[in-house]
Amino acid sequence: VVQIVLWYLDSGCSKHMTGDRSQLLNFLQKFLGTVKFGNDHVAKIMGYGDYQIGNVTISRVYYVEGLGHNLFSVGQFCDSDLEVAFCQHTCFIHNLKGVDLLTGQFCDSDLEVVFKRNACFVRNLEGVDLLKGNSSINLYTINLHEMASASPICLMARASSTKSWLWHQR
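Counting with the working numbering, you get residues 3 to 172 for the letters of the sequence shown.
Laid out in structure tokens, this is it:
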């Protein structure tokens, strides 16, 4: 029997977290506070451990009681000097040498979105930066007035009707 474990890469999640304690190695049980979800529900952070995927270990994954999904934090990856990129049908998490550590499926897009420790970029498929932003106080911001563009810019997220609820319930 093969168990499929889904993880969502979440740019709004401050830390890696799971509601399934059995997935964590080297677990340290310790009350670390609470987390508040988009629907205003509050859950306890009851400890943390490591998550092993092949030869890659994701450290300090919080165990959150009652969390129905597994969430990887874009910000926590970037704080660990990893780069997170979304390009066409794939998302990549790779180290500073460009070695892919994790890959996953992503929705259709004609743009590439890259998050680094202190910056984010939106690029076309030719690698031309269309938008640049920086990170301060754990928030990536883009100043559209500083961007020179020959055409209007519209930023819109696409999600299927079955998946769009996930962001609002986390």
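Beta carbons are placed, not taken as given, at the ideal position from N, Cα and C, and that holds for glycine.
Going by beta carbons, ALA45 and LEU27 fall outside the 8 angstroms limit. Here DSSP, grouped into helix, strand and coil, assigns ARG23 to helix. DSSP places GLY56 in the coil class of the three-state scheme, outside both helix and strand.
Per the coordinates, the alpha-carbon of THR59 lies some 11 angstroms from the alpha-carbon of LEU104. Residue pairing by DSSP places LYS17 in no beta bridge whatsoever. The criterion of a C-beta distance shorter than 8 angstroms is not satisfied by VAL66 and LEU11. The segment 29 to 40 makes no contact with the segment 88 to 95; the number of CB pairs closer than 8 angstroms stays below 3. In this structure, ASN72 sits away from ASP131, with a CB-CB distance that is not shorter than 8 angstroms. DSSP places VAL37 in the strand class (E or B) of the three-state scheme. About 14 angstroms separates the CB atoms of PHE79 and VAL115; that is not less than 8 angstroms, and the two are not in contact. HIS91 is not a Cβ neighbour of VAL63, given a cutoff of 8 angstroms. By the Cβ-count criterion, THR20 is buried, with 16 or more other Cβ atoms from all chains shown falling within 10 Å of its own Cβ. The residue among GLU85, ASN126, LYS118 and TYR53 with its C-alpha nearest the C-alpha of LEU8 is TYR53. ASP42 has its alpha-carbon roughly 31 angstroms from the corresponding atom of LEU84. A distance below 8 angstroms separates the beta carbons of GLY35 and ILE47.
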